[in-house]
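Taking it in order: structure first as structure tokens, then the write-up.
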Amino acid sequence: MKPLFQELPFPIDSHIHFYVEDLPHFIVPWHYHPAIEIMYITSGTGTRFVGDHVEGYFEGDVCMIGPQLPHEWRNDPVYFDKSSGLRATCICLFFKRQIFEPNLIRLPEMNNIRELIERSRRGIKFVGKSRKKIAELISQSANETGASRVIKLIALLELMATSEEYEILASTGFTETVNSDDFERFNKVYKYLVKNFTSPVKLEEVAALVGLTPTAFCRYFKKRTKKTFVEYLNDMRIGHAKKLLIEGNLKISTISSEAGFNNLSNFIGQFKKTTNMLPSEYQKKYKERLDGE
């Protein structure tokens, strides 16, 4: 199953579109579009999927998604319970790169923004004090019109481009175009893993999805993602574990099993390998970072 191509509702003769969403839960599935997206979560929690990156998101989350990069913000299950009364809200800013072409993007003064747009092809998450400043400017820009909107956009992109407080999301291996037959084949695997990564996953079953033997599948997968199948699966599980650690409601042993690991020591080892921290250290560091913002 390919990610959904989303046709964005840009106003006539406009290259910038703001969209404010207020729903019981977000409803757009895994999708992509040619526009560049800046997403600011004003309320709600869930799991963010950007390319092959999986991570929890919370109120205040700010990301930039480049063109043609599949992504989804999926709310936690409680948001699908009508009796919860919870709301998922966000401000989305979409813009077409053509707004700066052919000449403006070539100016030396636009070097930072040009490099930012290139980095966004893998998705960018902003953190720290920069995240708050960016979120404030997004909110201020939502009501601008005409040339003022363009000026605000450039100011916003310059702020993002000069920030050193950011994380790149999708791996360099996630580089095929969404229009290729190979991408459609890979998506069968990806969608299966997204649905099942917290449960036991058998290599033979996943390989069968794309008509390959386990050995051939492992070669295909490594070539496609620059990771082994086990590494990729563990990365998804660690991403989910980070979300559970940040929420702080569960014991580490419980988080280990909730994230799909059947062995606590293996979970701790894989977590440290990925983050250079123990789960408890990650939890503490995240809390300290929030307290310092």
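Each residue of the sequence shown is one higher than the one before, counting from 1 in UniProt numbering. A virtual CB, placed ideally from N, CA and C, is assigned to each residue, including glycine.
When you compare each of the options to residue i by their alpha carbons, which one comes out closest?
{"i": "Leu157", "options": "His33, Phe267 and Ile113", "result": "Ile113"}
{"i": "Glu115", "options": "Arg131, Asn262, Pro34 and Arg97", "result": "Arg97"}
{"i": "Ile232", "options": "Lys152, Lys287 and Val201", "result": "Note on identity: in this sequence residue 232 is Tyr, with Ile being the wrong assignment. Out of Lys152, Lys287 and Val201, Val201 has the C-alpha closest to the C-alpha of Tyr232."}
{"i": "Glu21", "options": "Asp76, Ala142 and Lys125", "result": "Ala142"}
{"i": "Ile117", "options": "Ile36, Gln68, Ser280 and Asn103", "result": "Ile36"}
{"i": "Gln283", "options": "Pro108, His17, Ala241 and Thr198", "result": "Ala241"}
{"i": "His15", "options": "Asp182, Ile99 and Asn234", "result": "Ile99"}
{"i": "Met236", "options": "Gln270, Arg185 and Asp76", "result": "Gln270"}
{"i": "Arg149", "options": "Glu281, Phe95, Glu204 and Val78", "result": "Phe95"}
{"i": "Leu159", "options": "Pro34, Met64, Gly46 and Tyr192", "result": "Met64"}
{"i": "Phe186", "options": "Ala216, Glu204, Tyr220 and Pro214", "result": "Tyr220"}
{"i": "Ser130", "options": "Met110, Thr162 and Thr198", "result": "Thr162"}
{"i": "Gly260", "options": "Glu288, Ser199 and Ile38", "result": "Ser199"}
{"i": "Ile38", "options": "Arg74, Gly56 and Leu93", "result": "Leu93"}
{"i": "Asn263", "options": "Asn234, Lys285 and Lys226", "result": "Asn234"}
{"i": "Thr43", "options": "Glu59, Ile168 and Glu55", "result": "This sequence places Ser at residue 43; Thr is not what is there. Checking every option, the nearest Cα to that of Ser43 belongs to Glu59."}
{"i": "Gln68", "options": "Pro108, Ser120 and Glu55", "result": "Ser120"}
For residue i, I'd like the list of residues in its chain whose CB is within less than 7 Å of its CB, leaving aside the five on either flank, ordered along the chain.
{"i": "Tyr40", "result": "Val62, Cys90, Ile91, Ala135 and Ile138"}
{"i": "Val189", "result": "Val206, Leu209 and Val210"}
Among the residues of its own chain, which have a CB less than 6 Å from the CB of residue i, if the five just before and after it don't count?
{"i": "Ile105", "result": "Arg114"}
{"i": "Lys152", "result": "Ser141 and Glu144"}
{"i": "Phe174", "result": "Gly51 and Asp52"}
{"i": "Tyr166", "result": "Ile124 and Phe126"}
{"i": "Gly128", "result": "Glu165"}
{"i": "Ala170", "result": "Val50, Gly51, Asp52, His53, Arg122 and Gly123"}
{"i": "Asp76", "result": "Thr45 and Gly46"}
{"i": "Tyr19", "result": "Cys92"}
{"i": "Asn266", "result": "none"}
By Cβ distance, which residues of its chain are closer than 8 Å to residue i, with the 5 residues on each side in sequence left out?
{"i": "Lys80", "result": "Residue identity differs from the one stated: residue 80 is Phe in this sequence, not Lys. Closer than 8 Å at Cβ, skipping near neighbours: Pro24 and His25."}
{"i": "Leu250", "result": "Leu244 and Glu258"}
{"i": "Lys223", "result": "none"}
{"i": "Leu212", "result": "Tyr220"}
{"i": "Ile154", "result": "Ile113"}
{"i": "Lys110", "result": "First, the amino acid is wrong: residue 110 is Met here, not Lys. If we look at Met110 and ignore the five residues flanking it on each side, its Cβ neighbours are Phe100 and Leu104."}
According to DSSP, simplified to helix, strand and coil, what is residue i?
{"i": "Arg121", "result": "helix"}
{"i": "Glu37", "result": "strand"}
{"i": "Asn143", "result": "coil"}
{"i": "Gly128", "result": "helix"}
{"i": "Thr254", "result": "helix"}
{"i": "Ile138", "result": "helix"}
{"i": "Pro279", "result": "helix"}
{"i": "Lys284", "result": "helix"}
{"i": "Lys133", "result": "helix"}
Three or more C-beta pairs below 8 Å linking the stretch 74-85 and the stretch 128-139: no
3 or more residues per run - each beta strand (DSSP E) lying fully within the stretch 162-244: 166-168
Inter-stretch contact (C-beta, 8 Å, three-pair minimum) for the stretch 205-212 and the stretch 237-252: no
Continuous beta strand (DSSP E) assignments of at least 3 residues falling wholly in the stretch 76-125: 88-95
Within the stretch 16-62, ranges of the beta strand (DSSP E) (whole runs, at least 3 residues): 16-23, 36-43, 46-50 and 53-57
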